[in-house]
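Quick mapping for you: the protein sequence lines, in order, are chains A and B.
36 is the number of the first residue of the first sequence in this note's numbering; add one for each residue after it.
21 is the number of the first residue of the second sequence in this note's numbering; add one for each residue after it.
From the three backbone atoms N, C-alpha and C, an ideal C-beta is built for every residue, glycine too.
Keep in mind the model is a prediction, meaning the values are calculated, not measured.
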Amino acid sequence: MEKLLQVNDLRKYFPIQKGILQRTVGYVKAVDGISFDVNRGETLGLVGESGCGKTTAGRCLLRLIPPTSGSFIFGEEQVDLAKLTHREMQPFRKRIQMIFQDPHASLNPRMTVADIVGEPMRVNRTEKGTALQDRIVELLESVGLKAQDMRRYPHAFSGGQRQRIGIARALALQPELIVADEPVSALDVSVQAQILNLLAELREEFNLSYIFIAHDLSVVEHISDRVAVMYLGKIVEISDAETLYESPKHPYTEALISAVPLPDPNAQRKREHIRLEGDVPDPSQPPTGCYFHPRCRYATDVCKQETPELREVSQGVQVACHHSDTLELQGV
Amino acid sequence: MALTQETSYQEPLLEISGLKTVFPTDDGIVNAVNDVSFSIARGQTVGVVGESGCGKSITGLSLLQLVPSPGRIEAGEILFYRNSDANPLDIVQVPPKSDLIRQIRGNEIAIIFQEPMTSLNPVYTVGDQIAEAVALHEQVDKKIARERAIEMLVRVGIPAPSQRVDEYPHQLSGGMRQRVMIAMALCCSPSLLIADEPTTALDVTIQAQVLGLMQELQAEIGMAIMLITHDLGVIADLADEVVVMYAGRVVERGTVDDIFYNPLHPYTQGLLKSIPVLGRTVQKTLPSIPGTVPHPLALPTGCSFQPRCPERIPECEQMPELEIINGNGDNDTHVVRCWLHADS
Numbered sequence: 036m037e038k039l040l041q042v043n044d045l046r047k048y049f050p051i052q053k054g055i056l057q058r059t060v061g062y063v064k065a066v067d068g069i070s071f072d073v074n075r076g077e078t079l080g081l082v083g084e085s086g087c088g089k090t091t092a093g094r095c096l097l098r099l100i101p102p103t104s105g106s107f108i109f110g111e112e113q114v115d116l117a118k119l120t121h122r123e124m125q126p127f128r129k130r131i132q133m134i135f136q137d138p139h140a141s142l143n144p145r146m147t148v149a150d151i152v153g154e155p156m157r158v159n160r161t162e163k164g165t166a167l168q169d170r171i172v173e174l175l176e177s178v179g180l181k182a183q184d185m186r187r188y189p190h191a192f193s194g195g196q197r198q199r200i201g202i203a204r205a206l207a208l209q210p211e212l213i214v215a216d217e218p219v220s221a222l223d224v225s226v227q228a229q230i231l232n233l234l235a236e237l238r239e240e241f242n243l244s245y246i247f248i249a250h251d252l253s254v255v256e257h258i259s260d261r262v263a264v265m266y267l268g269k270i271v272e273i274s275d276a277e278t279l280y281e282s283p284k285h286p287y288t289e290a291l292i293s294a295v296p297l298p299d300p301n302a303q304r305k306r307e308h309i310r311l312e313g314d315v316p317d318p319s320q321p322p323t324g325c326y327f328h329p330r331c332r333y334a335t336d337v338c339k340q341e342t343p344e345l346r347e348v349s350q351g352v353q354v355a356c357h358h359s360d361t362l363e364l365q366g367v
Numbered sequence: 021m022a023l024t025q026e027t028s029y030q031e032p033l034l035e036i037s038g039l040k041t042v043f044p045t046d047d048g049i050v051n052a053v054n055d056v057s058f059s060i061a062r063g064q065t066v067g068v069v070g071e072s073g074c075g076k077s078i079t080g081l082s083l084l085q086l087v088p089s090p091g092r093i094e095a096g097e098i099l100f101y102r103n104s105d106a107n108p109l110d111i112v113q114v115p116p117k118s119d120l121i122r123q124i125r126g127n128e129i130a131i132i133f134q135e136p137m138t139s140l141n142p143v144y145t146v147g148d149q150i151a152e153a154v155a156l157h158e159q160v161d162k163k164i165a166r167e168r169a170i171e172m173l174v175r176v177g178i179p180a181p182s183q184r185v186d187e188y189p190h191q192l193s194g195g196m197r198q199r200v201m202i203a204m205a206l207c208c209s210p211s212l213l214i215a216d217e218p219t220t221a222l223d224v225t226i227q228a229q230v231l232g233l234m235q236e237l238q239a240e241i242g243m244a245i246m247l248i249t250h251d252l253g254v255i256a257d258l259a260d261e262v263v264v265m266y267a268g269r270v271v272e273r274g275t276v277d278d279i280f281y282n283p284l285h286p287y288t289q290g291l292l293k294s295i296p297v298l299g300r301t302v303q304k305t306l307p308s309i310p311g312t313v314p315h316p317l318a319l320p321t322g323c324s325f326q327p328r329c330p331e332r333i334p335e336c337e338q339m340p341e342l343e344i345i346n347g348n349g350d351n352d353t354h355v356v357r358c359w360l361h362a363d364s
């Protein structure tokens with residue numbers, strides 16, 4: 036399979052500054068050395084709780100915020116996006132687009148739908164005049180909106196329809212990779228399914244790849260081919276979606292799966308519930324050793340001292356746990 | 021779920037019938053809650069589920085006469101059995117600013133909201149805020165109220181409670197804040213807790229902690245819970261009975277098993293099918309409900325779900341009544357508002 040993106044050891048540290056001199060007194064390690072690949076036509080799910088760095092990772096990939104270190108090798112040309120200057124980055128921006136969480140905040144209320152969807156093409160001078168208008172209509176129709184909607188403003192649309200406008204905008208420049216940051220979490224249950232189906236259809240139609248960032252495991256499992264689980268800035272487990280949910284290899288993944296209430300009362304009564312103690316630690320003062328050890332029920336002394344590396348335990352399954360070979364963890 | 025010796029299951033606590041809450045606006049009257057009826061037994065957990073705008077939160081607020089202006093309860097009754105032998109009190113008849121409703125609020129019926137940051141006062145310590153609720157309903161001095169606050173923090177599982185009691189809400193994490201809200205709500209041992217999306221703003225592992233805590237405290241105090249949420253997983257986990265609402269009305273009501281294993285209303289069926297279930301739905305097309313929730317000022321004629329319904333028949337132009345599928349009038353276990361089940 037062709038690799039579209041290879042991320043190596045991506046780090047993003049935010050300095051903590053104090054005093055009138057704004058001296059740096061520490062760092063919040065929002066993303067602390069993550070590596071993964073995205074193949075062409077594939078959806079990689081990035082899942083984790085708030086503060087685990089999944090959104091920061093997504094934004095770094097688009098260079099919306101500068102990464103502290105790491106490389107992202109992109110496309111057939113094998114260009115390292117992290118090293119490019121602002122100007123050199125320009126042609127690549129067309130090829131990587133983003134869909135945002137909140138469809139109310141990510142559309143300018145004073146622009147019509149035609150302006151919003153047409154803006155990427157105007158900025159990049161890819162289309163103009165009637166060709167632009169035709170392209171806007173085509174895009175709106177591909178996301179399930181109507182041509183007459185283009186004269187209306189975002190406020191006239193419901194949440195699901197607004198998310199469709201955001202998707203049409205992301206598709207405008209025929210990107211190869213779309214980073215979707217919590218695209219369905221602001222939507223109602225019945226509308227969520229529509230948008231998930233639309234994203235799946237568009238992927239087939241335009242041969243897109245997605246990095247799908249979300250906190251909802253069931254949604255991530257549904258849409259992703261492979262899933263990476265993040266905890267406190269690190270990837271703790273990465274494997275294909277089905278394997279991950281059926282036989283998790285990291286205790287955190289197991290706990291996450293167990294915490295999701297199943298919409299099935301009998302199954303829910305029968306399940307063993309693993310309840311994690313405490314909260315996610317402060318990322319500016321992470322625990323020693325394995326970041327998860329204070330909440331892990333399998334933790335031993337080695338977990339307190341040594342940071343486990345992400346290593347391949349079987350074909351396509353990578354885990355960062357000292358005990359992954361001996362643990363028998365339960366899935367769904 | 022929670023059964024203690026002194027509370028029997030079928031003993032009613034709250035009976036809501038024909039509740040109608042309206043909001044007059046410049047463009048017309050919005051019937052936010054329209055002819056809603058259900059009851060809550062002592063110690064029982066009733067889940068109210070629906071999408072945004074279906075009236076589930078306003079139903080919860082109506083029970084405490086907390087409907088924000090210009091909204092008002094227009095019709096119906098909310099019978100509250102304050103203690104098992106006395107006659108019930110109709111909350112609809114109690115004025116929203118009366119002393120009587122203030123005695124009930126927080127003391128007998130407590131409420132917790134979705135966003136714990138906005139429901140806590142940022143300029144008071146959490147201890148002061150819990151102690152305020154204690155002092156308001158019980159004749160105790162400041163010192164005892166503070167001790168009670170610490171005791172409550174212990175019960176909701178907050179580490180180092182004697183330090184936390186003097187902290188401000190911004191010093192706590194989201195899960196801790198929601199625990200403080202629960203502590204505040206439960207400090208007077210209410211007979212009913214209205215939990216309006218109590219875990220929606222929390223992460224899954226924290227949600228599991230908070231839901232577990234609510235179940236434990238429910239067993240301890242023997243209170244009933246009215247759980248308002250859009251998350252069917254949370255409902256399956258906690259609820260004994262489920263009320264499904266759509267566009268201000270109850271479309272289906274039944275035991276949790278009825279709703280999940282024998283849903284009758286096309287909306288309930290659609291809702292259950294459209295959610296991705298962990299471990300079951302990898303890479304398949306989800307059956308989705310077409311269209312969107314109608315605007316409250318432009319409800320379709322007849323059944324509100326009719327334009328989105330896959331099983332629409334000509335009768336749907338008329339509003340169907342709630343039909344009893346299972347039960348005997350006094351004890352309806354499964355009711356549905358749909359023409360497809362009109363003669364069964």
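message: Just to check my reading of the structure: V69 (chain B) and T312 (chain B) have Cβ atoms closer than 8 Å, yes? What is that Cβ distance to the nearest angstrom?
response: Going by Cβ atoms, the distance from V69 (chain B) to T312 (chain B) rounds to 18 Å, so no, they are not a contact pair.
field: DSSP bridge partner residues for E347 (chain A) (one or two, in chain order)
entry: A:Q353
- request: Compute the distance between the beta-carbons of E272 (chain A) and A334 (chain A), then report whether it is under 9 Å.
  value: no
task: Going by DSSP, name the residue or residues bridged to R91 (chain A).
output: The question names Arg, yet the displayed sequence has Thr at residue 91 (chain A). Beta-bridge pairing links T91 (chain A) to no other residue.
query: Residues of chain A with a CB under 9 Å from the CB of Q191 (chain B): which are they?
result: Result: empty, since nearest Cβ-Cβ is about 12 Å, beyond 9 Å.
field: Terminal residues of the alpha helix (DSSP H) in which M137 (chain B) lies
entry: P136 to S139
Within chain A, partners of H250 (chain B) - CB distance below 9 Å: D223 and V224
query: In chain order, what residues of the same chain have a beta carbon less than 6 Å from the beta carbon of P316 (chain B), not counting five sequence neighbours either side?
result: V50
Same chain only: Cβ atoms within 7 Å of T27 (chain B), ignoring 5 sequence neighbours per side: Interpretation of T27 (chain B) is limited by its pLDDT of 42, a score under 50 that renders its predicted location unreliable; the figure taken from the coordinates is listed afterwards. Excluding sequence neighbours, T27 (chain B) sits near R62, G63 and G242.
field: Nearest to A267 (chain B) (by Cα), restricted to the options B:P210, B:I36, B:P116 and B:V42
entry: B:V42
message: Determine, for L364 (chain A), whether the minimum Cβ-Cβ distance to residues of chain B falls below 9 Å.
response: no
task: Using a Cβ cut-off of 9 Å (strictly closer), state whether Y280 (chain A) contacts chain B.
output: yes
query: Below 9 Å between beta carbons: does that hold for G80 (chain B) and I202 (chain B)?
result: no
Buried versus exposed call for D169 (chain A) [16 or more other C-beta atoms within 10 Å across all chains shown]: exposed
message: Considering only their Cβ atoms, is the gap separating V214 (chain A) from M133 (chain A) smaller than 9 Å?
response: yes
- prompt: Taking C-beta to C-beta, are S274 (chain A) and G366 (chain A) nearer than 9 Å?
  reply: no
task: Indicate whether the contact test is met: 3 or more Cβ pairs, each with one atom in the region 325 to 339 of chain A and one in the region 276 to 290 of chain A, closer than 8 Å.
output: yes
field: Residue-chain proximity (L298 (chain B), chain A), Cβ-Cβ < 9 Å
entry: yes
task: Taking only the alpha-carbon atoms, compute the straight-line gap between I171 (chain A) and H139 (chain A) and give it to the nearest angstrom.
output: 20 Å
task: Please report the Cβ distance between D251 (chain B) and I131 (chain B), rounded to the nearest whole angstrom; I am assuming they are in contact, meaning their Cβ atoms lie under 8 Å.
output: Actually they do not touch by this definition, with Cβ atoms about 18 Å apart.
- request: Give the DSSP bridge partners of H354 (chain B), in chain order.
  value: B:N346
task: With I170 (chain B) as the anchor, note down where its alpha helix (DSSP H) starts and where it stops.
output: K162 to R175
- prompt: If you draw a straight line from the alpha carbon of P327 (chain B) to that of T288 (chain B), how long is it in whole angstroms?
  reply: 15 Å
query: What are the boundary residues of the beta strand (DSSP E) that S104 (chain A) is part of?
result: S104 to F109
field: Opening and closing residue of the alpha helix (DSSP H) in which R304 (chain A) lies
entry: P300 to K305
field: N-terminal and C-terminal residue of the alpha helix (DSSP H) that D336 (chain A) is part of
entry: D336 to Q340
message: What residue range does the beta strand (DSSP E) around L247 (chain B) cover?
response: A244 to T249
- request: Evaluate L39 (chain B) with the Cβ neighbour count: other Cβ atoms within 10 Å of its Cβ, from every protein chain shown; 16 or more gives buried, anything less gives exposed.
  value: buried
field: Proximal residues to D46 (chain A) (C-beta, below 7 Å), its chain only, five neighbours per side dropped
entry: The amino acid at residue 46 (chain A) is misidentified as Asp; the sequence shows Arg. V66, D67, G68, P102, T103, S104 and G105, listed in sequence order.
task: Tell whether a beta-carbon distance below 9 Å holds between I98 (chain B) and I36 (chain B).
output: yes
query: In its own chain, which residues sit with a C-beta less than 6 Å from the C-beta of V337 (chain A), not counting the 5 before and 5 after it?
result: H357
message: Please report the straight-line C-alpha distance between S141 (chain A) and G194 (chain A), rounded to a whole angstrom.
response: 11 Å
field: Given 8 Å, three or more beta-carbon pairs between the region 120 to 128 of chain B and the region 173 to 183 of chain B
entry: no
task: Check each candidate in B:T219, B:V355, B:D161 and B:L291 and name the one with the smallest Cα separation from V226 (chain A).
output: B:L291
field: S294 (chain B) - containing alpha helix (DSSP H), residue span
entry: P286 to S294
- request: Compare the C-beta of S28 (chain B) against all C-beta atoms of chain A and say whether one is closer than 9 Å.
  value: Because the pLDDT at S28 (chain B) is just 44, under 50, the model does not fix this residue reliably, and the value given afterwards should be weighed accordingly. S28 (chain B) does not count as touching chain A.
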